[in-house]
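Report on the following structure.
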Amino acid sequence: MCIGIFLFAWRLYAMHDVIIVGAGPAGSVLAALLAAQGVKVLLLERELLPRRKPCGESLNPGAVAALARVLPAGKFAAIRSSMEHSLIHGWRLTSGKAELLASFPAGQFGMACAREKLDYALALHACEAGAQVVEQMRVQRLIWEQGRVAGVVAYSASGQAAEFRARLVIGADGIRSAVARCAGLSSFGPLRKTAFTARVSGVRDLQPRVELFTGRGVVVGLAPIGGGEANMTLAQLSGGGSAAALAADFKASAAGKKDASRTDAAASMLEAASLNMDAKESASASAPAAADNRAPFAASKEGRGAWLLGKAGELPELAERLQNAACTGEVLACGPFDRRVRATQQAGLLLIGDAAGYYDPLTGQGIYRALSSAELAAPLLLQALQIGSDAPLARFAAIQQNRFVPAIRLQKLIEWTSRHERLWQSALRGLGSLPAARSRLAAAIGDCLK
8 MCIGIFLFAW
18 RLYAMHDVII
28 VGAGPAGSVL
38 AALLAAQGVK
48 VLLLERELLP
58 RRKPCGESLN
68 PGAVAALARV
78 LPAGKFAAIR
88 SSMEHSLIHG
98 WRLTSGKAEL
108 LASFPAGQFG
118 MACAREKLDY
128 ALALHACEAG
138 AQVVEQMRVQ
148 RLIWEQGRVA
158 GVVAYSASGQ
168 AAEFRARLVI
178 GADGIRSAVA
188 RCAGLSSFGP
198 LRKTAFTARV
208 SGVRDLQPRV
218 ELFTGRGVVV
228 GLAPIGGGEA
238 NMTLAQLSGG
248 GSAAALAADF
258 KASAAGKKDA
268 SRTDAAASML
278 EAASLNMDAK
288 ESASASAPAA
298 ADNRAPFAAS
308 KEGRGAWLLG
318 KAGELPELAE
328 RLQNAACTGE
338 VLACGPFDRR
348 VRATQQAGLL
358 LIGDAAGYYD
368 PLTGQGIYRA
378 LSSAELAAPL
388 LLQALQIGSD
398 APLARFAAIQ
408 QNRFVPAIRL
418 QKLIEWTSRH
428 ERLWQSALRG
438 LGSLPAARSR
448 LAAAIGDCLK
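If you use the working numbering, the sequence shown corresponds to residues 8 to 457, in order.
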């Protein structure tokens, strides 16, 4: 196994071509693409892999196609066969008695699987491609030289500091990007939504679709991930006040805590965000996981798992289906979701994936965006390294905007409509009677629109 903590004695001030911070899909895929071209890549991950992340754990057809493009022939099939997963053939949207079944185009499919297994497989692939991968390294500062970013200062789990230098630094460390924050490029918007996610077993009538149920001011998503389990995510549809109230309700369900400091820090940050406070102002040095805005809980009948199942079961469409359901692991809390990024590039620095700007996709297109972001950035970075200039990186924002803006507009329209129950139900009924429009919507949500 080549993923691990490297000895710092001979690598403390080593020079790399590229440092990538964050071993999620965007960071690992970019590391592999660059390393395969002979680039000296260092990939830094703050946690020990594999690790859970708050995520709906579904890849739409666009993400599946992107993986097939960026991985060597046969690699994606090998990754799929190495983990429990379910193929996803479309969507089921339900609000009260209104329902819409939307299937992806013929021959197109999505996939749902445990996120930590996917991330681990992609990080391992990056390592096999030639990237150096270091886990449990938390980036705290950027190194600046002559007006440009020249490296990072990171700390190991034991508190040991190390400087890593490179010609280019890439922030692929997600919505709460330390790289973007250290560069002064990002800030949080107000708390628009809180979300809670867990894996559940015993759900009746699981389908090979992503299912979304809306009502009572919440949306509940279900996605089968294989092995009889499903990912269940519950999010608040309304604005900051009700989102903060939901976070406080979650925090109050205290039975079954695993780690009180992480629990309270994450929930407090959700509440603080409703006052438009930046996450780092709420994070305590004694609660390092708070910077992720997530907290694990023992999923017992007395604890957060029971709270989550009970909240989802308030929707009549789910009450019977969840009667025998149980959470099989930790419950993760996350939010806020609006991350404002004023620029994706500075001298010596590029942001990709969620670090480059994030609007929570109700329709689950985040992994597609992460993979596509890496795919778009790779040739620009290769060109920048070849000519010794940042000029190619200046085109990244426009290229990314051209790729993603239409989908983001559609997502915002869907989310806005879903917050108005009667309008949403009318839209579902109307689309249900228009096969061509229904198919086009499924293709657009699936990022496989021709």
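Virtual Cβ for every residue (Gly too), placed ideally from N, Cα, C. Bear in mind that the values here come from a model prediction, so they are computed numbers and not experimental data.
Spatial distance of residue i from residue j (CA atoms)
i, j, result
"GLU224", "GLU170", "Note that residue 224 corresponds to Gly in the displayed sequence, not to Glu. Straight-line Cα distance between these residues: approximately 47 Å."
"ILE232", "ASN331", "18 Å"
"SER244", "ARG426", "Sequence check: residue 244 is Leu here, not Ser. Cα to Cα, the separation comes out at about 6 Å."
"GLY355", "GLU327", "55 Å"
"MET22", "VAL46", "12 Å"
"GLU236", "ALA391", "45 Å"
"ARG87", "ARG410", "27 Å"
"CYS120", "THR240", "14 Å"
"GLY114", "ARG76", "16 Å"
"ARG122", "PRO399", "32 Å"
"TRP151", "LEU213", "52 Å"
"GLY97", "GLY154", "49 Å"
"VAL348", "LYS124", "29 Å"
"ARG436", "THR351", "40 Å"
"ASP454", "GLY395", "34 Å"
"LEU55", "LEU357", "24 Å"
"GLY191", "GLY439", "46 Å"
"CYS189", "GLN353", "12 Å"
"ARG459", "GLU52", "Residue 459 falls outside the range modelled here, since the chain spans only 8 to 457, and no answer is possible."
"ARG3", "GLY158", "Within the shown structure, residues of the chain are numbered from 8 to 457, placing residue 3 beyond reach of any answer."
"GLN408", "ALA313", "41 Å"
"TYR162", "SER379", "30 Å"
Segment limits, beta strand (DSSP E) that includes residue i
i, result
"GLU327", "Counting along the chain, GLU327 falls outside any beta strand (DSSP E), and DSSP gives it neither H nor E."
"SER446", "Careful: SER446 lies outside any beta strand (DSSP E), inside the alpha helix (DSSP H) at 442-452."
"PHE83", "From DSSP, PHE83 is part of no beta strand (DSSP E) but of the alpha helix (DSSP H) over 82-88."
"PRO231", "225-233"
"VAL338", "Per DSSP, VAL338 belongs to no beta strand (DSSP E) and is neither H nor E."
"GLY7", "The structure shown does not extend to residue 7, since the chain is modelled only from 8 through 457, so no value can be given for it."
"GLY97", "97-102"
"LEU108", "105-110"
"LEU27", "It is worth fixing the name first, because residue 27 is Ile in this sequence and not Leu. Start and end: 22-28."
"GLY222", "217-222"
"VAL46", "Premise fails: VAL46 is in no beta strand (DSSP E) and is neither H nor E."
"GLY178", "168-178"
"ARG58", "From DSSP, ARG58 is part of no beta strand (DSSP E); its letter is neither H nor E."
"ILE150", "144-152"
"LEU357", "356-358"
"PHE203", "202-208"
Residue i vs residue j beta-carbon contact at 9 Å
i, j, result
"ALA39", "LEU175", "no"
"GLY63", "ALA381", "no"
"GLY137", "ALA42", "yes"
"VAL146", "VAL25", "no"
"THR424", "ALA434", "yes"
"ILE95", "ARG216", "yes"
"ALA109", "ILE421", "no"
"ALA168", "VAL160", "yes"
"ILE177", "ILE359", "yes"
"CYS341", "ALA202", "yes"
"LEU219", "VAL227", "yes"
"ASP397", "ALA377", "no"
"ALA205", "LEU329", "no"
"ALA325", "ALA333", "For the sequence presented, residue 325 should be read as Leu rather than Ala. Not in contact: LEU325 and ALA333 (Cβ atoms no closer than 9 Å)."
"GLY464", "GLU91", "Not covered by the structure: residue 464. The range shown for the chain is 8 to 457."
"ALA230", "SER93", "yes"
"PRO112", "ALA450", "yes"
The alpha helix (DSSP H) enclosing residue i, as first and last residue numbers
i, result
"ARG376", "373-394"
"SER433", "428-439"
"ALA460", "Outside the shown range of the chain, which is 8 to 457, sits residue 460, and nothing can be said about it."
"GLN408", "403-425"
"ARG311", "311-319"
"ALA38", "32-42"
"ARG188", "185-189"
"ALA73", "68-77"
Own chain partners of residue i with C-beta closer than 7 Å, once the 5 adjacent residues on each side are dropped
i, result
"ALA164", "GLN143"
"ALA385", "LEU37, LEU40 and LEU41"
"LYS82", "HIS132"
"LEU322", "PHE220, GLY222, ARG223 and VAL227"
"TYR365", "ILE182, PHE344 and ARG346"
heavy atom of the ligand NAD below 8 Å from residue i C-beta
i, result
"SER65", "Absence of the ligand NAD from the depicted structure is noted, as is the absence of any ligand whatsoever, leaving it without description."
Residues near residue i in its chain [Cβ-Cβ closer than 8 Å; skip 5 each side]
i, result
"ARG447", "LEU456"
"ASP126", "ALA30, GLY31, PRO32, SER35, LEU56, PRO57, ARG58 and LYS60"
Contacts around residue i, its chain only, beta-carbon distance under 6 Å, and the 5 residues preceding and following it disregarded
i, result
"ALA185", "VAL146"
"SER293", "Caution applies to SER293, whose pLDDT of 33 falls short of 50 and renders its modelled position unreliable; the model cannot decide the point."
"VAL48", "VAL25, ALA38, LEU41, ALA42 and ALA138"
"ALA404", "THR351"
Original post:
Touch check for the stretch 368-379 and the stretch 56-70: three-plus C-beta pairs under 8 Å?
Top reply: yes
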